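>
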Amino acid sequence: MVENQPGAIALVGSGEYLPQAQALDSELLRLAISRGKSNTFIQIPTAAGKEGSDSLNFWKARGADQGRRIGCEVKYLPVLTREDAHNQQWIADVSNAGLIYFSGGDPVHLADTFRDTPLWSAIVLAWKSGASLAGCSAGAMAFGGKIIGIRRSHVSEGLNLLPDIEVIPHYDKFLGWLPDRVTAAIVRQDADANLIGIDEDTALVLTDSWRKHGSGQVHILRGNLEFS
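Numbering (full-length UniProt numbering), first residue to last: 1 to 228.
#1: Could you give the residue range of the alpha helix (DSSP H) that holds E27?
#2: So the candidates are R82, R69 and A64; which of them puts its Cα closest to the Cα of Y76?
#3: Could you tell me how far apart the beta carbons of S132 and L18 are, in whole angstroms, since I believe they sit closer than 8 angstroms?
#4: Let me know the secondary structure DSSP gives S121 once reduced to three states.
#5: How big is the Cα-Cα spacing for Q22 and Q43?
#6: Would you call the CB atoms of A134 and A10 closer than 7 angstroms?
#7: As an exercise, report each continuous beta strand (DSSP E) stretch of at least 3 residues that is fully enclosed by the region 74-128, in chain order.
#8: Nearest-angstrom Cα distance between S26 and K60?
#9: Within its chain, find whatever has a CB closer than 6 angstroms to the CB of G197; leave out the 5 residues flanking it on each side and keep chain order.
#10: In chain order, what residues of the same chain have a beta carbon less than 8 angstroms from the beta carbon of L125, not counting five sequence neighbours either side?
#11: What residue from V155, L204 and W127 has the CA that sits closest to F227's CA?
#12: If we call anything under 7 angstroms between Cβ atoms a contact, is L28 one with L99?
#13: For D164 and D192, I'd like the C-alpha separation in whole angstroms.
#14: Below 7 angstroms between beta carbons: does that hold for A142 and L110?
#15: Could you tell me if S103 is buried or exposed, where buried requires 16 or more neighbouring beta carbons within 10 angstroms of its beta carbon?
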């Protein structure tokens, strides 16, 4: 067992909690357990918080199904407001969790809800002591220093977990739907961070180095980040 070592970070292009993501989710959890964390999978649906109860219940059920396939305890934390991000029970829940997973929706809402809160501080501390963190789509975008608006031309502050990274998820689809917006993101004059396009059903995972996982491609659109 290796304790007090940072956990993995997974930037996922799409497909959170689906069977095709089971191998990656299992690996992330196994790695955290090897670093002293519990066999517990935390679902955080905040990015979908503005979509209503049907959407939240959908993600809750899908995550519970994944937990059953993996064989782990699942805890669903409906963090919908900044006040929720001060919940002491949820802060305790993340402290020894093996996998903390941020699902998709609105990345700006996610970042604005968590920024400078006790729960986000607890999650970062959990990661620094071995927990695996995963963000899919909006979750992956929010982990960066900046959030790039693809549907609308806008740049917002991320959670700065990975300050030198900006993410475009669903890259293979966005490139076909909105090629001009993708091009604008790449050539932004005020940016020097690594800009990464991650295809659907694909992840870029950081352990001791970056590596690709899944059926699609990872595209380094700006910068010189290396992965295998």
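Virtual Cβ for every residue (Gly too), placed ideally from N, Cα, C.
Please read these numbers as outputs of a predicted model, since none were measured by experiment.
Checking against the coordinates, here is how it stands:
#1: Residue range Q22 to S34 is occupied by the alpha helix (DSSP H) that includes E27.
#2: A64
#3: In fact, because the Cβ distance is near 18 angstroms, the residues do not count as touching under 8 angstroms.
#4: helix
#5: 14 angstroms
#6: yes
#7: 99-102
#8: 18 angstroms
#9: If we look at G197 and ignore the five residues flanking it on each side, its Cβ neighbours are I168, Y171, H219 and L221.
#10: Taken in chain order, the residues that qualify are S95.
#11: L204
#12: yes
#13: Spanning the two alpha carbons is a distance of roughly 8 angstroms.
#14: Between A142 and L110, the CB-CB gap stays under 7 angstroms.
#15: buried
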